[in-house]
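Notes follow the structure.
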Amino acid sequence: MIAKLAKTCTLRISPDKLNFILSDKVANGGVSMWCELEQENFFSEFQMEGVSAENNEIYLELTSENLSRALKTAQNARALKIKLTNKHFPCLTVSIELLSVSNSSRVVTHDIPIRVIPRKLWKDLQEPTVPDADVSIYLPVLKTMKSIVEKMKNISNHLGAGPPAEAGSRTRPVVESLQSQMP
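Structure representation (structure tokens):
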């Protein structure tokens, strides 16, 4: 999904979390995103060393599509190993152990070129402060939402959501097409 939002993303690695950060020139209509993943939910073993004890994190810039392609290979993996390596250029080496038809295993390796982000630029990639929400909206599963939006995208350029206008009815989100007025 990140690959569809922006060409490149930043991966922040810390001892307990992985963060995917998008900051694609928000001033020019780009997308900004902060995604936090607890490493214990994805890895049975996790080792990392940052720049120093007080700056125990690593920031990498990579092409989103390259990471997406490598992880698609890992969907039925027996094991997955991700290492920061230097093979004539800095890269994330993703090694995937797959079972073959004959129950033997084979290893597929992807070397994803990365750019190590210098520490002086880390301040620009900190978690944004988000005010407490006044409203919470619970949406259906993303796959269902995508299907609805795909079907409606040919109807209009705009979608709106809001509560029903009937007095006494429960407030719940509804999606309707907004028709542009013809001159």
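Count the sequence shown with the numbering used here and you get residues 84 to 266, in order.
All C-beta atoms, glycine included, are put in the ideal place defined by N, C-alpha and C.
Output needed for residue i: all residues of its chain with C-beta closer than 8 Å, excluding positions within five of it in sequence on either side, in chain order.
i, result
"residue 168", "174, 175, 176, 194"
"residue 99", "121, 122, 123"
"residue 208", "93, 95, 104, 106, 142, 200"
"residue 149", "193, 195, 196"
For residue i, which residues of its own chain have a beta-carbon under 6 Å away from its beta-carbon, when the five flanking residues on both sides are left out?
i, result
"residue 164", "178"
Just to confirm the assignment, what range does the beta strand (DSSP E) spanning residue i have?
i, result
"residue 131", "No beta strand (DSSP E) contains residue 131, which DSSP labels as neither H nor E."
"residue 177", "173-182"
Can you find the residues in the same chain that come closer than 7 Å, C-beta to C-beta, to residue i, ignoring five residues on each side of it along the sequence?
i, result
"residue 91", "144, 145, 146, 147"
"residue 119", "100, 102"
"residue 129", "122"
"residue 139", "97, 98, 133"
"residue 172", "196"
"residue 210", "117"
Name the DSSP bridge partner or partners of residue i?
i, result
"residue 127", "In the DSSP output, where bridge partners are listed per residue, residue 127 has none listed."
"residue 220", "Its beta-bridge partners do not exist; DSSP assigns none."
"residue 95", "102, 142"
Look at the alpha carbon of residue i and the alpha carbon of residue j, and state the distance between them as a whole number of angstroms.
i, j, result
"residue 135", "residue 192", "29 Å"
"residue 319", "residue 238", "Lying outside 84 to 266, the shown extent of the chain, residue 319 is not represented and no answer is given."
"residue 213", "residue 159", "37 Å"
"residue 190", "residue 217", "49 Å"
"residue 127", "residue 161", "12 Å"
"residue 157", "residue 188", "13 Å"
"residue 154", "residue 183", "18 Å"
"residue 166", "residue 131", "9 Å"
In terms of residue numbering, what span does the alpha helix (DSSP H) encompassing residue i cover?
i, result
"residue 149", "147-156"
"residue 212", "From DSSP, residue 212 is part of no alpha helix (DSSP H); its letter is neither H nor E."
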